[in-house]
Amino acid sequence: MIVDTQRDSSGLHITGDVASSIGDQLDSCRLTSSCCSALSSVLSSPNSRLTEMSLNFNNNLGDSGARQLSEGLRSHNCKLETLELQYCRLTSACCSALSLVLSSPNSQLTELNLDNNNLGDSGARQLSEGLRSDNCKLETLW
Numbered sequence: 124m125i126v127d128t129q130r131d132s133s134g135l136h137i138t139g140d141v142a143s144s145i146g147d148q149l150d151s152c153r154l155t156s157s158c159c160s161a162l163s164s165v166l167s168s169p170n171s172r173l174t175e176m177s178l179n180f181n182n183n184l185g186d187s188g189a190r191q192l193s194e195g196l197r198s199h200n201c202k203l204e205t206l207e208l209q210y211c212r213l214t215s216a217c218c219s220a221l222s223l224v225l226s227s228p229n230s231q232l233t234e235l236n237l238d239n240n241n242l243g244d245s246g247a248r249q250l251s252e253g254l255r256s257d258n259c260k261l262e263t264l265w
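In my numbering, the protein residues as written are 124 to 265.
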């Protein structure tokens with residue numbers, strides 16, 4: 124087993140050996156923004172080996188969740204290369220934080236899927252700032 128997830132009123136607790144990929148094991152899990160603090164801690168852990176994470180179809184993650192994830196994504200310990208956030212009810216309100224991830228010298232992201240969210244023109248403009256950074260390693264953006 125790659126990861127054993129347990130949810131309770133305080134959020135998400137990740138136990139077990141978190142290997143290189145959570146894959147789609149967290150898709151459609153009804154995760155909320157409060158779970159993203161735990162996920163961010165995993166990403167910034169010195170022992171993290173995660174390179175792929177899919178959080179698709181977690182409609183209640185929202186902008187707050189994306190901002191919390193961004194903190195872990197900027198950590199020098201984070202090795203995540205692929206992040207999928209389809210159908211997570213993201214808006215332009217989280218794009219500044221995501222742009223900071225893209226421009227961070229610590230970020231290893233090469234693929235970011237933001238498909239089927241409501242980022243709008245404002246969100247696209249904010250993301251483009253990070254994409255223009257010399258530190259940006261992103262190769263694929265949906």
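Backbone N, C-alpha and C define an ideal beta-carbon position, used for all residues, glycine too.
Beta bridge pairing from DSSP links Ser230 with no other residue.
With fewer than 16 other CB atoms across the displayed protein chains lying within 10 angstroms of its CB, Gly243 is exposed. Taking C-alpha positions only, Gln231 is separated from Lys260 by approximately 7 Å. In this model, Ser198 and Asn229 are separated by some 6 Å (Cα to Cα).
Judged by their CB atoms, Asn182 and Tyr210 are nearer to each other than the 8 Å cut-off. The criterion of a C-beta distance shorter than 8 Å is not satisfied by Ser156 and Gly195.
Residue pairing from DSSP places Leu264 in a beta bridge opposite Leu235. The continuous stretches of alpha helix (DSSP H) do not include Leu206, which lies in the beta strand (DSSP E) extending over residues Thr205 to Glu207.
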